[in-house]
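See structure below.
Protein chains: 2
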Amino acid sequence: MTQSLDAISPDIPTDYESLKSHISTLSDSMPKRLLQCARYSLANPDRIALGTTAEIASAAGVQPSTLVRFAQTLGFDGFSQMQQIFQGQLVGRNSEYMERLAKIRESGTNTPGSILGNFVERSKQSLDDLLRQVDTAALERSIEALSAAENIHLLGLGRAHPVVSYLHYTFGKMGVRTNLLEYTGGILEERVQFIDENDALFVATFSPYSPEVVEFASKAFGRRVSVVSLTDSVLSPIARVSSTVLEVNEAEHGAFRSLSTTMCLATSIAVAVGDARK
Amino acid sequence: MTQSLDAISPDIPTDYESLKSHISTLSDSMPKRLLQCARYSLANPDRIALGTTAEIASAAGVQPSTLVRFAQTLGFDGFSQMQQIFQGQLVGRNSEYMERLAKIRESGTNTPGSILGNFVERSKQSLDDLLRQVDTAALERSIEALSAAENIHLLGLGRAHPVVSYLHYTFGKMGVRTNLLEYTGGILEERVQFIDENDALFVATFSPYSPEVVEFASKAFGRRVSVVSLTDSVLSPIARVSSTVLEVNEAEHGAFRSLSTTMCLATSIAVAVGDARK
DNA sequence: TTAAATTCAGAAAATTCATTCCAAATTTAT
DNA sequence: ATAAATTTGGAATGAATTTTCTGAATTTAA
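Residue numbers (this note's numbering), protein chains in the order written: chain G, 136 to 413; chain A, 136 to 413.
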């Protein structure tokens, strides 16, 4: 049907990967609305594959005709021709996905893909556990404590450091001032004196629990500071010196634990505190 | 528009799995042509999802109108309504997903528990997307590059910093030496000279992409260093200056993005590189 | 075998869709 | 600042698509 036209324009992408890079290349010289299309297509390829021009256009905040122009800018006849590539990707990807799912169960395969498949599976499981096992009362008290605090101090070393680093960033973006306690030699303990009774200390620590962190929290707790802790077991030594304890069972693979679930909880805490403070 | 009709026929399947059993149940009492439709649909769900009635009918050896009657026999308004379920299968929507979304909508959106519920659900979705959309070839090339590197340098600022911080820790535990590049004033750029051609640079950056990070990666790339980047879109400026690009669509809630999915990918990378190096 | 009921094919109708077109708005170059 | 070029929104168009309808064919029941 469009054979002659295909022959005329031989340089248009025929698979999704090259289409992606094609879009990415041309997007440099695209005007506002077409760039909007480019962004939307790459962010929502599924909707491009399945939607109609009207639906997609409205979701992307452009006119249907703009979508057509976008496709034509990329060298296609029109939208429909471009859509076929997105559809092809959808079908191909789905069958790959099915194969990968089947392989997850078989242990022994150590390809990057199967390792990822494993972690995805376990992380989903772990997220489910989080939602099922979370102590809602403790979560609420934690949010209250952090919302009421004059200053929030954040402490976490080793595998826990990314958690407080993320909270530092996210709280900052929401206008909540936090103090990220970095461990630079032995001077950590001295900082306890700068933590006020009206402040809160958020501390994350996982097995094996750094003694310095527990010690620091203990001292703060002794000074009647609200200590909100995030840890991997209620048996954690941090539990004794905390006002509220949040527990997370993280996905693991052999000796290695992810931070996937922990980050989900951390994000929720940040958003809830941000809401309460606004 | 079809609300009243939906209400009248409340027992039609809403996901592919139940549709399948619905079809096989009813197919017992179907006349020849409808049975033909039933068989074809179960054998070629992808074509039902993406084709037009004319195309599918011709492929299945029936009339387009028969396809419509088939859908109506199953309880649908028409073909289009049935087609949506086949499309949902392709994108990975199932009944559990629908139920959970409904639950989240029911509950108030501002209690800490519901915020957490929301993030858990979105994170799971996002993890699924990761497994579906991941570019396995790019992932494998990334692992290779990092495994082959003499030294691995890690760079990430803002929301991306927790990612490299985590990698620094985890690689360390596996005996893989890494160099975490911290941004302390303007001296970042100078460090490029210490990165060798046999080294690899792992850089994480998310929108809005820090110019310093892109600039640094660009210089390293110019020095023929393997640059493995983790970012949120192929339109990311880092993509141009990377040997391999890994893309992650992170769960978000309003303006706030988690790091849940990203951490899952990061963990997988660390484990895969650890395996390859051992 | 015959009549009634069901199923079917295909044409026709109604709707939706992708695409084109053009005037207005915006950007770029001078 | 002005003109030229580009980009855009939105209506108009024509093609394609889904759905309905009807008479013919087939099946079922008596």
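Where a beta carbon is used, it is the ideal one built from N, C-alpha and C, also for glycine. It should be emphasised that the depicted structure is a prediction, and the values quoted were computed from it without experimental measurement.
Cα-Cα separation between residue i and residue j, rounded to whole angstroms
i        : j        : result
G/Leu265 : G/Val383 : 6 Å
G/Gly210 : G/Leu170 : 15 Å
A/Leu394 : G/Asn229 : 25 Å
A/Asp263 : G/Asp181 : 14 Å
G/Gly310 : G/Val298 : 18 Å
G/Ile330 : G/Pro346 : 19 Å
G/Ile278 : A/Pro247 : 7 Å
A/Asn245 : A/Leu251 : 10 Å
G/Ile373 : A/Asp212 : 59 Å
G/Gln222 : G/Arg326 : 58 Å
A/Glu256 : A/Arg392 : 13 Å
G/Leu316 : A/Ile220 : 51 Å
G/Glu350 : G/Arg375 : 11 Å
G/Arg412 : G/Val226 : 46 Å
G/Tyr232 : G/Ala195 : 27 Å
A/Leu336 : A/Val360 : 7 Å
G/Lys308 : A/Val197 : 59 Å
A/Thr402 : A/Ala237 : 31 Å
G/Ser261 : G/Leu400 : 11 Å
G/Asn179 : A/Ala280 : 29 Å
With 16 other Cβ atoms within 10 Å as the buried cut-off, status of residue i
i        : result
G/Arg193 : The question names Arg, yet the displayed sequence has Ser at residue 193 of chain G. So G/Ser193 ends up on the exposed side.
G/Asp150 : exposed
G/Gly409 : buried
A/Lys167 : exposed
G/Arg235 : buried
G/Thr271 : exposed
G/Leu274 : buried
A/Gly320 : exposed
G/Gln328 : exposed
Same chain, Cβ closer than 8 Å to residue i, five either side skipped, listed in chain order
i        : result
G/Ser377 : Val338, Ala352, Phe356, Val362, Val363 and Ser364
A/Leu177 : Lys155, Ile158 and Ser159
G/His388 : Ile250, Asn253, Phe254 and Arg257
G/Thr397 : Val298, Ala339, Leu365, Val383 and Glu385
G/Arg369 : According to the sequence as given, residue 369 of chain G is Val; it is not Arg. Cβ neighbours of G/Val369 beyond the five flanking positions: Val380 and Glu382.
A/Lys354 : Glu324 and Val327
6 Å CB neighbourhood of residue i in its chain, flanking five on each side removed
i        : result
G/Thr313 : Ile287, Leu289, His303 and Phe306
G/Ser333 : First, the amino acid is wrong: residue 333 of chain G is Asn here, not Ser. For G/Asn333, where only same-chain residues beyond five positions count, the Cβ hits under 6 Å are Glu285.
A/Pro148 : Leu154 and His157
G/Gln224 : Tyr151
G/Ser144 : Legend: pLDDT at G/Ser144 = 48, less than 50; position of this residue unreliable, value from coordinates given subsequently. Cβ neighbours of G/Ser144 beyond the five flanking positions: Gly210.
A/Phe341 : Arg294, Ala295 and Asp367
A/Pro199 : Thr188, Ala189 and Ala192
Cβ-heavy atom distance, residue i to the ligand FAD, below 7 Å
i        : result
G/Leu381 : With respect to the ligand FAD, the structure shown offers nothing to examine, as it has no ligands at all.
Chain G contact residues for residue i, given Cβ-Cβ distances below 8 Å
i        : result
A/Ile287 : Under the 8 Å cutoff, chain G gives no residues; its nearest Cβ is about 16 Å from A/Ile287.
A/Asn245 : Asp410
A/Arg267 : Arg228, Asn229 and Tyr232
A/Arg294 : Tyr301, Tyr304 and Thr305
A/Glu415 : Given a span of 136 to 413 for chain A in the structure shown, any question on residue 415 of chain A remains unanswerable.
A/Arg278 : Per the sequence shown, the amino acid found at residue 278 of chain A is Ile instead of Arg. Here the neighbours are Pro247.
Close Cβ partners of residue i (< 7 Å) along its chain, the five nearest in sequence each way excluded
i        : result
G/Phe214 : Thr188, Leu202, Val203 and Ala206
G/Ser162 : Leu170 and Ala173
A/Met217 : Ala206, Leu209 and Phe211
A/Ala407 : Ile278
G/Ile183 : Ser176, Ile191, Gln218 and Phe221
G/Ala142 : Only weak support exists for where G/Ala142 lies, its pLDDT of 41 falling under 50; the coordinates are left without a value.
Chain-ordered chain A contacts of residue i [CB-CB under 7 Å]
i        : result
G/Met398 : Ser393, Leu394, Ser395 and Met398
G/Phe254 : Cys399, Thr402 and Ser403
G/Gln222 : Leu185
G/Thr201 : By Cβ distance, chain A contributes nothing, its closest Cβ being about 18 Å from G/Thr201, past 7 Å.
G/Leu177 : Ser368, Val369 and Leu370
Interface partners of residue i on chain A, CB under 8 Å
i        : result
G/Ser282 : Under the 8 Å cutoff, chain A gives no residues; its nearest Cβ is about 10 Å from G/Ser282.
G/Leu209 : Ordered by position in chain A, no residue passes the 8 Å Cβ test against G/Leu209, which lies about 14 Å from the chain.
G/Val406 : Ile250, Phe254, His388, Gly389 and Phe391
G/Thr271 : Pro247 and Gly248
Residues that residue i contacts on chain A, provided the C-beta gap is smaller than 9 Å
i        : result
G/Glu190 : Under the 9 Å cutoff, chain A gives no residues; its nearest Cβ is about 12 Å from G/Glu190.
G/Ala173 : Leu370
For residue i, the residue or residues it bridges with in DSSP
i        : result
A/Gly389 : In DSSP, A/Gly389 forms no bridge with anything.
G/Leu290 : G/Leu316 and G/Val338
A/Glu416 : With chain A running from 136 to 413 in the structure shown, residue 416 of chain A is simply not present.
A/Ser361 : A/Ala335
G/Thr366 : G/Thr340 and G/Glu382
Chain G residues whose Cβ lies nearer than 9 Å to that of residue i
i        : result
A/Gly310 : In chain order: nothing, as chain G lies at least about 12 Å away.
A/Pro346 : Correct list: empty, because the minimum Cβ distance to chain G is about 16 Å.
A/Lys238 : Simply none; closest approach about 11 Å.
Interface residues of chain G facing residue i [CB-CB closer than 7 Å]
i        : result
A/Asp181 : Val226
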